[in-house]
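Since the structure comes first, as structure tokens, the remarks are kept for the end.
2 protein chains.
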Amino acid sequence: MTQASICTIGDEILIGQILDTNSSVIARTLEENGVMVTRMLSIGDDHDTIIDNLRNELEHNQIVISTGGLGPTKDDITKAALAELSGSKGYVMNEPQLEIVHRILKARGLDVLDINRAQALVPDTCEVIPNQKGTAPVMVFRFPEERFGHPATLYSLPGVPFEAIGALPDVVSDIKSHNPLSDIFHKCIMVSGMAESALSKKIEDWEDNLPSDMHLAYLPNQLTGVRLRLSIYGGNREEEEKRIDEEFAKLRPILGDMIYSYQDDTLQNALGSLFRGTGMTISAAESCTGGMIASLITSVPGASEYFLGSVTSYAIAVKQRVLDVHPDDIISYGVVSSEVAAAMADGVRKLTGSTYAVATTGLAGPGGDDRNPVGTVWIGLSGPNGTTTLTKVFKNDRKTNIERFSSAAIDALRLFVLNDLKH
Amino acid sequence: MTQASICTIGDEILIGQILDTNSSVIARTLEENGVMVTRMLSIGDDHDTIIDNLRNELEHNQIVISTGGLGPTKDDITKAALAELSGSKGYVMNEPQLEIVHRILKARGLDVLDINRAQALVPDTCEVIPNQKGTAPVMVFRFPEERFGHPATLYSLPGVPFEAIGALPDVVSDIKSHNPLSDIFHKCIMVSGMAESALSKKIEDWEDNLPSDMHLAYLPNQLTGVRLRLSIYGGNREEEEKRIDEEFAKLRPILGDMIYSYQDDTLQNALGSLFRGTGMTISAAESCTGGMIASLITSVPGASEYFLGSVTSYAIAVKQRVLDVHPDDIISYGVVSSEVAAAMADGVRKLTGSTYAVATTGLAGPGGDDRNPVGTVWIGLSGPNGTTTLTKVFKNDRKTNIERFSSAAIDALRLFVLNDLKH
Chain A
1 MTQASICTIG DEILIGQILD TNSSVIARTL EENGVMVTRM LSIGDDHDTI
51 IDNLRNELEH NQIVISTGGL GPTKDDITKA ALAELSGSKG YVMNEPQLEI
101 VHRILKARGL DVLDINRAQA LVPDTCEVIP NQKGTAPVMV FRFPEERFGH
151 PATLYSLPGV PFEAIGALPD VVSDIKSHNP LSDIFHKCIM VSGMAESALS
201 KKIEDWEDNL PSDMHLAYLP NQLTGVRLRL SIYGGNREEE EKRIDEEFAK
251 LRPILGDMIY SYQDDTLQNA LGSLFRGTGM TISAAESCTG GMIASLITSV
301 PGASEYFLGS VTSYAIAVKQ RVLDVHPDDI ISYGVVSSEV AAAMADGVRK
351 LTGSTYAVAT TGLAGPGGDD RNPVGTVWIG LSGPNGTTTL TKVFKNDRKT
401 NIERFSSAAI DALRLFVLND LKH
Chain B
1 MTQASICTIG DEILIGQILD TNSSVIARTL EENGVMVTRM LSIGDDHDTI
51 IDNLRNELEH NQIVISTGGL GPTKDDITKA ALAELSGSKG YVMNEPQLEI
101 VHRILKARGL DVLDINRAQA LVPDTCEVIP NQKGTAPVMV FRFPEERFGH
151 PATLYSLPGV PFEAIGALPD VVSDIKSHNP LSDIFHKCIM VSGMAESALS
201 KKIEDWEDNL PSDMHLAYLP NQLTGVRLRL SIYGGNREEE EKRIDEEFAK
251 LRPILGDMIY SYQDDTLQNA LGSLFRGTGM TISAAESCTG GMIASLITSV
301 PGASEYFLGS VTSYAIAVKQ RVLDVHPDDI ISYGVVSSEV AAAMADGVRK
351 LTGSTYAVAT TGLAGPGGDD RNPVGTVWIG LSGPNGTTTL TKVFKNDRKT
401 NIERFSSAAI DALRLFVLND LKH
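The listed protein sequences correspond, in order, to chains A and B.
Here the first sequence stands for residues 1 to 423, where the numbers follow my numbering.
Here the second sequence stands for residues 1 to 423, where the numbers follow my numbering.
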């Protein structure tokens, strides 16, 4: 299997000033394309350090991807190190990248200075993949077998995340056209409402009976639930994807509507899919989630088609005055209660005139008591066929509890609407 | 200077399934305590790989911190590799950690099985720092000078972030008591409303005139602005901190209220500081920010003291019906306008009875037109002394624009209230 190493260059990573997010995205992309990542490392902006480390990685891998150190300022020295490592005799101007430099600076209303033009200068030992999103191009250095005992290629990418990630498809194409990669096919489904460990127990039999050439991965996320991914190496794409679909189809009777998408997706987008083009609308009333449900729903482009709005009712007076929650309910049952969650959902639905509404009231922490321990949330759901509530308890810190409350509420609304659509 | 390397162990990092956030926090903590991080690397769960890599890092550094691979399941093999690397002859039970294992499992209502007890077993070559937050302890291996040519210490931490970060203070204490660290002093101020590059230009003279023993770092963040940090190595803490304070004091006439805190902080917390204990209250009306302003304000524990609530008015009908925005204003000026931003702020202030209110209307994208290009936001501010508006244009993607709109709105409200307090 083709092996790769990912190397991040920059002092700002080593002092913890910047979190390296590029490596993780590059690793996932390589893995999904059948390349095995053996090591990831971060090193400083030092000439000898860069050369020594990249040489060592090239000795142990067919592919090395470096990011960073390509900026125009004097502390960015990757290019000179790469020139020396590759035995370059000089620099050449890359005309396609120079055009991009001119275009980008013009769009920003800036003059093109020598320091900018120099961004398109590359060692004469490399090929160039033009970088449409920034001034520094991707440089490709191909080393013959005699240099490191195997053919090896070094890709030098910019460090700015949207430039590095933007260049990835071209880099992957180049890797594929130069290396004997076994094809790899993946498909995903998204599962809500269950932790990884509980899900793994529930689908244990299914997992044990998977064909031996299929590989299963659990990819959990606080806000989107668990992404289940099946992979197969080699074979015919159409046939293999059909085989994967057949295995996922067997999960349907086990997991039902907990499967919310058959591709990489989010709960708020799955919710949007139920509403788009139907004329039905949503509103929300939030207490403990403090606006995060609205924020998640409106993170989907085009949400204005079905999301009318929301009320964050942190104060009891706002619950009463704006959402029309009856003071007696608050006194009798407490703010964190099924009755208040239901009244909030009904209240915001009436206020906005939406088809459906979701509401939350709970304790994200700190605090809590015997009746409502910290981490308790009541979710209210209101729709044309009535109102219902449910409760959940999470045991995390304030920030994580708010995230889990919000994603649980969006998922509860999705299941509530799905149920109506079935009857 | 004492040098350190950070090594993350786990296949899940190399396939891009998990983003390694531990290394960045550990690097920042070491740097703040006068230890220089020379390299960070991530490797897989393989016995020989772990031994080879850790040996190599120990040859080049006095301190190596590894995280991960200490779980109870069979794919976690770090402990066996460390036993071999350190020449251990067997395992011993660490009683303080065993007590913690019992306590943790009891709290979860679980029986203590052999697999759990084994978490407290450690190689006889290590010292233990008990881990109060998880079942696997921190193991400390001290290697004598003859082994690697210099005294070297390996700290093995659990991979779960809150356990790894939770153990850091004890690890730092141990490092300090065993290594001749030069003292280092840091102080921060937080600056809002300016990009790093513009800020750097504005304070260029100040920066050029800093005493030569002071080091300045810019630590920018989308939501909190720029953190400026001054550091001094060596000297007397009290005196050096006083010298740093004097330098920061010189920034006050240049930056004014753009300095929102003299310690690591967030805008929403600085806003909260203005309101806590005053009886004054806040509400918000959000269009393009979709709930994020409320979500940020309520992320501060205790925000219920001063945050009454908010309305997310995505639909025009909600702007009119709930916030009492006049239809003529929307027709004459458009939804994204100074007039509508002002009317929304006044509307939500009246609705909730809050002392102050902030409102947003804008275009996060996609879309936009000549009058209101994508990235435009109007911010409305309403208070006891009147109503005002301002506009900003950002050029990012939808997600980042929403974040920048939200933090600009919170900052605008902070400055609006500050101005009232001065008059």
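In this text, a Cβ means the ideal position worked out from N, Cα and C, and glycines have one as well.
- In the DSSP assignment, Arg-227/B falls within the beta strand (DSSP E) that extends over 225-233.
- Per DSSP, Met-214/A lies in no alpha helix (DSSP H) segment; the continuous beta strand (DSSP E) that holds it begins and ends at 214-221.
- Within the same chain, Cβ atoms closer than 6 Å to the Cβ of Leu-274/A are found at Val-417, the five residues on either side in sequence being excluded.
- Among the residues of chain A, none has a CB under 8 Å from the CB of Pro-161/B; the nearest is roughly 11 Å distant.
- In the DSSP assignment, Glu-127/B falls within the beta strand (DSSP E) that extends over 127-129.
- If you draw a straight line from the Cα of Val-112/B to the Cα of Ala-120/B, it is about 12 Å long.
- Distance check between Thr-266/A and each of Ile-297/A, Gly-87/A, Leu-41/A and Leu-255/A places Ile-297/A closest, using alpha-carbon atoms only.
- In this structure, DSSP gives Thr-355/A a state outside helix and strand, which the three-state scheme calls coil.
- In the displayed model, Phe-416/B falls within a helix according to three-state DSSP.
- CA-to-CA, the gap between Met-93/B and Asp-11/B works out to about 28 Å.
- Across the segment 380-396 of chain B, no CB contact with chain A closer than 9 Å is found for any residue.
- If you look at Pro-327/A, you'll find it in the alpha helix (DSSP H) that goes 327-333.
- Within chain B, the C-beta atoms nearer than 8 Å to that of Lys-399/A come from Ser-299, in chain order.
- A distance below 6 Å between beta-carbons, with the five flanking residues on each side excluded, links Gly-291/B to the following residues of its chain, in chain order: Thr-312.
- Contacts with chain A (Cβ-Cβ distance below 8 Å) from the segment 77-107 of chain B involve no residue at all.
- Taking 8 Å as the CB threshold, Gln-17/A lines the interface with chain B.
- Distance from Pro-96/B to Pro-130/B at the Cβ level is roughly 5 Å; contact confirmed, criterion being Cβ atoms closer than 8 Å.
- For the 8 Å CB-CB criterion, Thr-361/B and Val-340/B form a contact.
- Leaving aside the five residues that flank Ala-343/A on each side, the residues in its chain whose CB is nearer than 6 Å to its CB run, in chain order, Val-325 and Asp-329.
- Only those residues of the segment 361-374 of chain B whose C-beta falls short of 7 Å from the nearest C-beta of chain A are listed: Pro-366.
- The residue among Asp-257/B, Thr-2/B and Ile-18/B with its C-alpha nearest the C-alpha of Ile-9/B is Ile-18/B.
- Within the same chain, and ignoring the five residues on either side of Glu-31/A in sequence, the residues whose Cβ sits closer than 8 Å to its Cβ are Val-37.
- Taking a contact to require three or more Cβ pairs closer than 8 Å, the segment 40-49 of chain A and the segment 183-192 of chain A do not qualify as touching.
- Contact with chain B is found for Arg-28/A, since one of that chain's Cβ atoms lies less than 8 Å from the residue's Cβ.
- When DSSP states are grouped into helix, strand and coil, Thr-281/A belongs to the coil group.
- Judged by beta-carbon spacing, Ser-304/A lies beyond the 8 Å limit of Ala-357/A, meaning their Cβ atoms are not closer than that value.
- Between Val-140/B and chain A, the shortest Cβ-Cβ separation is not below 8 Å.
- Around Val-191/A, no beta-carbon contact reaches into chain B at under 9 Å, the shortest distance being about 16 Å.
- One finds Tyr-314 in chain B with Cβ atoms closer than 7 Å to the Cβ of Phe-307/A, taken in chain order.
- For Ser-407/B, not one C-beta of chain A is nearer than 8 Å to its own C-beta.
- Between the segment 172-180 of chain A and the segment 205-213 of chain A there are fewer than three inter-stretch CB-CB distances shorter than 8 Å, so the stretches are not counted as touching.
- Close to Leu-157/A, with beta-carbon spacing below 8 Å, lies no residue of chain B; the smallest spacing is near 15 Å.
- With fewer than 16 neighbouring CB atoms inside 10 Å of its own CB, Val-393/B falls in the exposed class.
- Burial state of Pro-327/B is exposed, judged by a 10 Å Cβ sphere holding fewer than 16 other Cβ atoms.
- Closest in C-alpha terms to Arg-414/A, from the list Ser-192/A, Pro-220/A, Ser-23/A and Leu-105/A, comes Ser-192/A.
- Around Ile-43/A, the beta-carbon contacts reaching into chain B at under 7 Å are Arg-39.
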